[in-house]
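Peer 1:
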Amino acid sequence: MAELKDRLRADMKVAMKAHDQQRLGTIRMALAAIGNAEVEGTAHDLTAEEEQKLIVKEVRQRRDSAETYGRAGRQDLVDKETAEAEILQAYLPRPLTAEEVGALIDAEFAAIEAETGTAPTMKQMGAIMKAVNARIAGRFDGGAVAGMVKGRLQA
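At position 54 of the sequence shown the residue is numbered 53 (numbering that gives the first Met the number 0), and the sequence of numbers has no breaks.
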């Protein structure tokens with residue numbers, strides 16, 4: 000279960016020995032986020048999926064911060080947040096491409112069409128999104144998936 004957590008701890012030791020302060024700080028923040036999530040509510044060890052979702056959340060948070068700092072003209076902070084996002088991204092599975100997500104969407108459309116005998120409608124967007132999001136599991140932006148599904152439904 001704690002494979003990611005163990006990997007983070009091992010990488011933290013490597014970063015300490017290499018005196019890589021940025022990597023060390025980023026890994027410490029990720030471990031702290033995992034530790035906080037474990038003690039929230041009823042204390043429990045996180046599953047691998049929960050740990051992955053937490054890292055995805057941390058990456059998204061860093062990218063949002065970098066975007067905000069960019070609008071404020073703080074290039075030093077943009078660079079820091081972007082570097083942290085890249086460090087954390089290394090702990091996630093390979094992201095899916097738009098073509099791969101498109102193929103998953105096409106498969107879901109075909110399944111609904113086979114089941115109902117008609118082309119999917121906007122009323123079925125929620126069911127399509129639920130099925131596709133279950134299969135992509137944080138490896139592609141959910142907002143982009145929604146846009147792709149909506150575009151396909153309106154075509």
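Beta carbons: idealized from backbone N, C-alpha and C, even for Gly.
1. Looking at the secondary structure, which residues open and close the alpha helix (DSSP H) in which L7 lies?
2. Between E107, I54 and M147, which has its C-alpha nearest R134's C-alpha?
3. Which same chain residues end up closer than 6 Å to L30 when comparing Cβ atoms and leaving out the 5 residues on each side of it in sequence?
4. At what residues does the alpha helix (DSSP H) containing F139 begin and finish?
5. Where E57 and A130 are concerned, what is the direct C-alpha to C-alpha distance, given to the nearest angstrom?
6. Helix, strand or coil for T25? Go by DSSP, reduced to three states.
7. Taking the alpha helix (DSSP H) that G101 belongs to, which residues open and close that run?
8. Can you look up L45 in the DSSP assignment and give me helix, strand or coil?
9. Taking only three categories from DSSP, how would you classify R62?
10. How would you write the range of the alpha helix (DSSP H) that L76 sits in, first residue to last?
Peer 2: Taking the geometry as given:
1. Boundaries of the alpha helix (DSSP H) harbouring L7: E2 to A17, taken from the DSSP string.
2. E107
3. L7
4. Counting along the chain, F139 falls outside any alpha helix (DSSP H), and DSSP gives it neither H nor E.
5. 24 Å
6. helix
7. A97 to T115
8. coil
9. helix
10. Where L76 is concerned, the enclosing alpha helix (DSSP H) stretches over Q74 to Q88.
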